[in-house]
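In this note's numbering, the protein residues as written are 250 to 451.
A virtual CB, placed ideally from N, CA and C, is assigned to each residue, including glycine.
Working notes for the structure below.
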Ligand code: VGL
Ligand code: ZN
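This is the structure in structure tokens:
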């Protein structure tokens, strides 16, 4: 068992990010048994759930003529346009049925505002609108976070970078993550995480 100051953050292990889903990450379901085991080691377990309204501006379908996996400009910066995924209340937005959810004390839903995407568990993509996770962790005395889940190069990396920026000791267990890897995004995310002091472990 890890000390009570350490939390496990399980990012977006949802049907749409697993094989057969709308934004499937290769082998996204291969990490689940390892994550289930890790939950037993941590007194604090948090799950995140990508949770978009159907009119979300990160969906290519909501931009006339735009193809998925292209870039657009949002007021907060560049934004990848994704296939429609993790729509609130749909099967695709549910956690994968193999994922243990009972050990989690908190589920953070993110990406619910139509006009702004939210990759990170801590802040939306403007890097300033908080999800509340920081306060939750601090008030429970957590100083270190271990991050696992989907996808390494988007929601896991953004969460890890924010955790480090906020002063949490942050570790990403890459063996318990899988990546989208869009135009070199995985290598870029790994470089940024290393530079920010995030520990990358298997
Ligand atoms: C994610 C793209 C869009 C993720 C979420 O969980 O990494 N990626 N929404
Ligand atoms: Zn999303």
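Residue 250 counts as exposed, since fewer than 16 other beta carbons sit within 10 angstroms of its beta carbon. Per DSSP, reduced to three states, the secondary structure at residue 423 is strand. Annotation: the continuous alpha helix (DSSP H) that includes residue 411 extends over 406-414. For residue 331, the shortest separation between its Cβ and any heavy atom of the ligand VGL lies below 7 angstroms. Looking at the backbone, the Cα of residue 430 and that of residue 254 are separated by about 32 angstroms. In this structure, 423 is the residue among 423, 433 and 441 with its C-alpha nearest to the C-alpha of residue 279.
Of the residues assessed, residue 354 falls on the exposed side of the cut-off, its CB having fewer than 16 other CB atoms within 10 angstroms. Under the three-state reduction of DSSP output, residue 372 falls in the strand class. Cβ contact annotation for residue 315 (same chain, cutoff 7 angstroms, sequence separation greater than five): 309, 321 and 330, in chain order. Comparing alpha carbon positions, the residue from 336, 335, 317 and 307 closest to residue 323 is 307.
The C-beta of residue 380 has 16 or more other C-beta atoms within 10 Å across all chains shown, which makes the residue buried. Pairing residue 303 with residue 441, the inter-Cα distance amounts to about 31 angstroms. In the DSSP assignment, residue 379 is bridged to 372. Sequence-distant Cβ neighbours of residue 366 in its own chain, meaning closer than 8 angstroms and more than five residues away, are 305, 306, 307, 323, 328, 360, 373 and 374.
Going by C-alpha positions, residue 402 is about 10 angstroms away from residue 408. In the three-state reduction of the DSSP assignment, residue 303 falls in the coil class, being assigned neither a helical nor a strand state.
Here the distance from the Cβ of residue 403 to the nearest heavy atom of the ligand VGL is below 7 angstroms.
Bridge partners of residue 327 according to DSSP: 322. When the five nearest sequence neighbours on each side are left out, the beta carbons in the same chain lying within less than 8 angstroms of the beta carbon of residue 262 are those of 277, 280, 281, 284, 296, 344, 345, 348, 398 and 399, in order along the chain. Between the ligand ZN and the CB of residue 384, the shortest heavy atom gap is not smaller than 7 angstroms.
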